[in-house]
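Chains as they are written, first to last, in our numbering: chain X, 1 to 237; chain W, 1001 to 1223; chain G, 2001 to 2244. See below for the structure under consideration.
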Amino acid sequence: MTPTRGTVTMSDEPAIRLTDLTRHFGERTALRKVSGEVPAGATLAVLGRNGAGKSTLLRILATLLRPHDGEVALLGEPLPRRAWAVRGRIGLLAHDPLLYRDLTARENLRYHAGLHRVDESRIDEVLAAVQMEKRADEPVRSYSRGMVQRTAIARAVLHRPHVLLLDEPRSNLDPGAEALVEPLIGRASGATRVLTSHDPQAALAEADLVLALKDGRAAFFGEPRALSTAALKDLYA
Amino acid sequence: MRTALVILRKDLRLELRSLETVPAMVMFSVIVFVMFHFGLNTITVKGQEAAGIFTATLLIAALLGINRLFVAEREQGGFDAFLLAPVDRTALFVAKATALYLYLTLLEVIAVPAFKLFLLGPSLGGSLPGVIAVLALANLGIVAIGTLVSAIAIQTRARDLIGPLIGLPLQIPSLIGTARALGPLFAGHPASAPPGKWVAVLALYDVVFALLAYAVFDFLLED
Amino acid sequence: MAPPSYSRGLRGLSLLTVGVITLALALVFFYAPLDANQGFIQKIFYLHVPLAIVSLCGFVLGGILAAIFLRTGDRRWDMRSYCAIHMSLILSVGGLVTGSIWAKASWGHWWVWQEPTLVSYLIVILLFATYQPLRFSIEDPERQARYAAVFACTAAVFVPMNFAMVRLATAYVHPRVLNLEGGNLPGPMKLTFYISLLGIALLFATLMKFEMTAKEARMQTRRLRRSLLGDDAVTPLKRSAAPV
């Protein structure tokens, strides 16, 4: 069950490939026949109103939800069948920081390092990268929201994931902190990224590809410049 | 196994810091002993009656721990964090069951002397090793079912209700076995051993439900 | 779209059930001899024991169907498992009431702790009675199905374990007038008993088939309305313990 780590052998296989991905919740369809490909190292921005299916898509890519129909391949591995093979190579940063409030940042990271079999020296590395070393031994519940978010980012990149799934990654971060986390979750990270944002313009600016979701359907998939202002407006109408 | 240890360490650290489970279980059991004293209007109990009171109290106190077993995972994203890691799903079951076993053992370390102090008439003396053996075995069954029930109940709306509702009937055979095995030990005969039949039955019950819980636990995690 | 498979044979099965139950009642009242010790009241045995046996088998069947659901992930198995447990619950209440009446008539008490079969039966019913509240308190239908299935499997394994434990734990105070499995019954009683058992089993099968047919029909109507009139034309399902 240990995933292969270190060398990335992806050749020309896209990092993410969706073919008619469909997911229901009971009788409601959250995603309907969504397709698209994201090459390795590229950034996909997922746009859409609240409830359009953005979080569902991220959770499916994170192997936390099963697709009901269609195919999903992540790093060349079909989901959910070979989910275990990619799990250690995904970093998820969602609304929930996935941190225990009664543990300190360091203890939380040590727990995740244990789960992902990451060397403990990496903990200091990521703590330093988000400038949380000073407060690292205080419980998470005493942190401000920005600090929680920084710690959550440290957690998400702890195991050097190849794919980053970022749901509103910059929420609660001030400009200084945004610059700080850029090497970790920005383009410089080198990872294939899927991100959502409350600010579509900012998301478009850093994206190579855009997936626009409306009521669970893909209203647009392609390069950001091909997405017209009218279409973007219609998306949030 | 390594993963289970990682989770267990985290759970014990959380429990040590918040002290939400074990102290509550201990206080609860002592309060129930006092309630039995007044409810039965008696100074001491012995034999099968004592075993019944003790086992029922133990099971109900265990429910407190069972209800809280997965609360941190549910409320603070622990399930997602665990599912994102490239590890065997069963590790979570093993870790939680071990944690619950430790909580129960701690509870008994205090509840047995407390029971002797407040209610039990005959001296435990020579039958103490027997009591320890029976409880060690009883805990296994409580833990196997308790962990499974806890994982089911945690995702329901009325989890404080559903947990005991499902859990208690499932624990009745465990209650029968434990109470009947403890009965002779609480009767005051010097150095008596627990009845072999009930120890064997209890062991069989433990094995069946441990295997079953192990087999179906994974289904409670995927979505 | 699949044809409405559940309704096939429903009419024949219903008629057969009516026939066998009529035959069983006729045998009970006109053929089976009066019991020497208990007299007429003993005849409730022909209702109580089959109800108990069929409902217990129904619980276990529900567990098996739930296990198939867990293996295949096909929601229809969950629906079948639900119907089996639902019907068993209804029959088991009948079994409990008739058992209680029988106990009052032959032993003078509405409830006898000394009868291990009755006691374990009560425990099993108490356990399965939580099946519906459990389903109801999980809103996501998929999770509801999965969790209910895990519960049903566990509870099905629990049934024999529980019977063994309670039987071991009970000291026989009352002489067992009749062996409940019908092992040492005289011939006419045995025949009547087996026909009654068959009748109740058929009743269970018919009721379960009815419920499955109704659920299947409801699912299909909703699917049809959805595809013909669009998603908004179908009122969303209310929060429910039932799979459909």
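The beta-carbon is built from N, C-alpha and C at its ideal position, and this holds for glycine as well. Bear in mind the structure is a predicted one, so any value in this text is a computation, not a measurement.
6 Å Cβ shell around threonine 4 of chain X - same chain, five flanking residues per side excluded: Sequence index remark: in the first sequence, residue 4 of chain X carries index 4 (1-based). Because threonine 4 of chain X carries a pLDDT of 41, less than 50, the predicted location of this residue cannot be relied on, and no value is offered for it.
Min CB distance aspartate 20 of chain X to chain G below 8 Å: The sequence position of residue 20 of chain X within the first sequence is 20, counting from 1. Answer no: the Cβ-Cβ gap between aspartate 20 of chain X and chain G never drops below 8 Å.
C-beta neighbour in chain G for isoleucine 1142 of chain W, strict 8 Å: Translated into the one-based positions of the second sequence, residue 1142 of chain W becomes position 142. With 8 Å as the cut-off, isoleucine 1142 of chain W does not count as an interface residue toward chain G.
Cβ-based burial, valine 1235 of chain W [other Cβ within 10 Å; buried from 16]: Residue 1235 of chain W lies beyond the range of chain W shown here (1001 to 1223); nothing can be said about it.
Selection from W:Phe1038, W:Ala1213, W:Asn1041 and W:Ile1053 that minimises the alpha carbon distance to alanine 2155 of chain G: Within the third sequence, numbered from 1, the residue matching residue 2155 of chain G stands at position 155. Per the Cα distances, W:Ala1213.
Beta-carbon contacts of leucine 2065 of chain G that lie in its chain and below 7 Å, excluding the five residues immediately before and after: Sequence index remark: in the third sequence, residue 2065 of chain G carries index 65 (1-based). Excluding sequence neighbours, leucine 2065 of chain G sits near Trp2077, Arg2080, Ser2081 and Ala2084.
Length of the line joining the Cα atoms of alanine 15 of chain X and proline 1086 of chain W: Against the first sequence, residue 15 of chain X aligns to sequence position 15. Against the second sequence, residue 1086 of chain W aligns to sequence position 86. Each residue's Cα considered, the two are about 18 Å apart.
Pick from X:Asp96, X:Leu158, X:Gly76 and X:Pro78 that is closest to aspartate 1080 of chain W, judged by C-alpha positions: Taking the first residue of the second sequence as position 1, residue 1080 of chain W is located at position 80. Ranking the options by Cα distance to aspartate 1080 of chain W, first place goes to X:Asp96.
DSSP bridge partner residues for isoleucine 90 of chain X (one or two, in chain order): Looking up residue 90 of chain X in the first sequence gives position 90. DSSP lists X:Val163 as partners of isoleucine 90 of chain X.
Length of the line joining the Cα atoms of leucine 1008 of chain W and valine 210 of chain X: As a position in the second sequence, residue 1008 of chain W is number 8, starting the count at 1. As a position in the first sequence, residue 210 of chain X is number 210, starting the count at 1. Whole-angstrom Cα-Cα distance: 42 Å.
Contact list for tyrosine 100 of chain X against chain W, beta-carbon separation under 8 Å: As a working mapping, residue 100 of chain X is identified with position 100 in the first sequence. By Cβ distance, chain W contributes Lys1010, Leu1014, Ala1072, Gln1076 and Gly1078.
Beta-carbon proximity check, tryptophan 1198 of chain W vs glycine 1177 of chain W, cutoff 8 Å: Counted from its first residue, the second sequence places residue 1198 of chain W at position 198. Counted from its first residue, the second sequence places residue 1177 of chain W at position 177. In this structure, tryptophan 1198 of chain W sits near glycine 1177 of chain W, with a CB-CB distance shorter than 8 Å.
Methionine 2103 of chain G versus valine 2112 of chain G - alpha carbon distance: Counted from its first residue, the third sequence places residue 2103 of chain G at position 103. Counted from its first residue, the third sequence places residue 2112 of chain G at position 112. Strictly speaking, residue 2103 of chain G in this sequence is alanine, with methionine absent from that position. Between alanine 2103 of chain G and valine 2112 of chain G, the C-alpha separation is close to 7 Å.
Proximity below 8 Å, CB of arginine 141 of chain X to CB of asparagine 172 of chain X: If you number the first sequence from 1, residue 141 of chain X lands on position 141. If you number the first sequence from 1, residue 172 of chain X lands on position 172. Contact: no.
Cβ-based burial, phenylalanine 2029 of chain G [other Cβ within 10 Å; buried from 16]: As a first step, residue 2029 of chain G must be located in the third sequence, where it is residue number 29. Counting Cβ neighbours within 10 Å, phenylalanine 2029 of chain G comes out exposed, since fewer than 16 surround it.
Residues near proline 2175 of chain G in its chain [Cβ-Cβ closer than 6 Å; skip 5 each side]: Taking the first residue of the third sequence as position 1, residue 2175 of chain G is located at position 175. Unreliable positioning characterises proline 2175 of chain G in this predicted model, as indicated by a pLDDT of 43, which lies under 50. A coordinate reading is not provided.
Three CB pairs or more closer than 8 Å across the segment 1153-1169 of chain W and the segment 2110-2130 of chain G: yes
Paired residues, beta bridge with histidine 24 of chain X - DSSP: Taking the first sequence and counting its residues from 1, one reaches residue 24 of chain X at position 24. Histidine 24 of chain X pairs with X:Thr29.
Distance between beta carbons of valine 118 of chain X and leucine 158 of chain X, contact taken as under 8 Å: Here residue 158 of chain X is taken as the residue at index 158 of the first sequence, counted from 1. Here residue 118 of chain X is taken as the residue at index 118 of the first sequence, counted from 1. Confirmed, about 6 Å.
Check whether arginine 32 of chain X and glycine 216 of chain X have beta carbons under 8 Å apart: Looking up residue 32 of chain X in the first sequence gives position 32. Looking up residue 216 of chain X in the first sequence gives position 216. Cβ distance < 8 Å, so arginine 32 of chain X and glycine 216 of chain X count as in contact.
Opposing strand residues paired with lysine 214 of chain X [DSSP bridges]: Walking along the first sequence from the start, residue 214 of chain X turns up at place 214. DSSP, once it has assigned bridges, lists X:Arg217 as partnering lysine 214 of chain X.
Distance CB(phenylalanine 2163 of chain G)-CB(leucine 2091 of chain G) smaller than 8 Å: What you label residue 2163 of chain G is simply residue 163 of the third sequence in a count that begins at 1. What you label residue 2091 of chain G is simply residue 91 of the third sequence in a count that begins at 1. Not a contact, by the Cβ cut-off of 8 Å.
Distance CB(lysine 2244 of chain G)-CB(arginine 2218 of chain G) smaller than 8 Å: Walking along the third sequence from the start, residue 2244 of chain G turns up at place 244. Walking along the third sequence from the start, residue 2218 of chain G turns up at place 218. Reading off the sequence shown, one finds valine at residue 2244 of chain G, where the question assumed lysine. Against a cut-off of 8 Å, the Cβ pair of arginine 2218 of chain G and valine 2244 of chain G comes out as a contact.
Beta-carbon gap between serine 2196 of chain G and alanine 2026 of chain G smaller than 8 Å: Working through the third sequence from its first residue, we reach residue 2196 of chain G at position 196. Working through the third sequence from its first residue, we reach residue 2026 of chain G at position 26. Not a contact, by the Cβ cut-off of 8 Å.
Straight-line gap, arginine 1157 of chain W to glycine 1163 of chain W (C-alpha atoms, nearest Å): The sequence position of residue 1157 of chain W within the second sequence is 157, counting from 1. The sequence position of residue 1163 of chain W within the second sequence is 163, counting from 1. In a straight line, the C-alpha of arginine 1157 of chain W is about 11 Å away from that of glycine 1163 of chain W.
Proximal residues, the segment 2153-2165 of chain G versus chain W, C-beta separation under 7 Å: Cys2153, Thr2154, Val2157, Phe2158, Met2161, Asn2162 and Met2165
Threonine 1042 of chain W to alanine 1114 of chain W span [Cα, whole Å]: Position 42 of the second sequence, counted from the start, is the residue given in the question as residue 1042 of chain W. Position 114 of the second sequence, counted from the start, is the residue given in the question as residue 1114 of chain W. Rounded to the nearest angstrom, the two C-alpha atoms are 16 Å apart.
8 Å Cβ cutoff met for lysine 2043 of chain G and alanine 2032 of chain G: Here residue 2043 of chain G corresponds to residue number 43 of the third sequence, with the count starting at 1. Here residue 2032 of chain G corresponds to residue number 32 of the third sequence, with the count starting at 1. Yes, these two residues count as a Cβ contact at 8 Å.
Where alanine 1113 of chain W falls: helix, strand or coil (DSSP): By one-based count along the second sequence, residue 1113 of chain W stands at place 113. Note that residue 1113 of chain W is proline in the sequence shown here, rather than alanine. Three-state result, proline 1113 of chain W: helix.
Under 7 Å from the C-beta of proline 2243 of chain G: neighbouring residues of chain X: In the third sequence, residue 2243 of chain G corresponds to position 243, counting from 1. Result: empty, since nearest Cβ-Cβ is about 10 Å, beyond 7 Å.
Touch test, the segment 1141-1151 of chain W against the segment 1018-1034 of chain W, Cβ-Cβ under 8 Å, three pairs minimum: no
Cβ of glutamate 27 of chain X within 8 Å of any chain W Cβ: Residue numbering aside, residue 27 of chain X sits at position 27 when the first sequence is read from its first letter. Not an interface residue.
Every unbroken beta strand (DSSP E) inside the segment 75-146 of chain X [3 residues or more]: 77-79 and 90-93
Cutoff 6 Å; reference alanine 1051 of chain W; Cβ partners in own chain excluding five residues on either side: One-based indexing of the second sequence puts residue 1051 of chain W at position 51. Contacts found: Ala1179, Leu1182, Gly1183 and Phe1186.
Glutamate 2142 of chain G in three-state terms, based on DSSP: By one-based count along the third sequence, residue 2142 of chain G stands at place 142. Reduced to three states, the DSSP call for glutamate 2142 of chain G is helix.
Member of G:Ser2106, G:Gly2012 and G:Leu2013 whose CA lies at the smallest distance from the CA of glycine 2039 of chain G: Residue 2039 of chain G sits at position 39 when you count from the first residue of the third sequence. When each option's Cα is compared against that of glycine 2039 of chain G, the closest is G:Ser2106.
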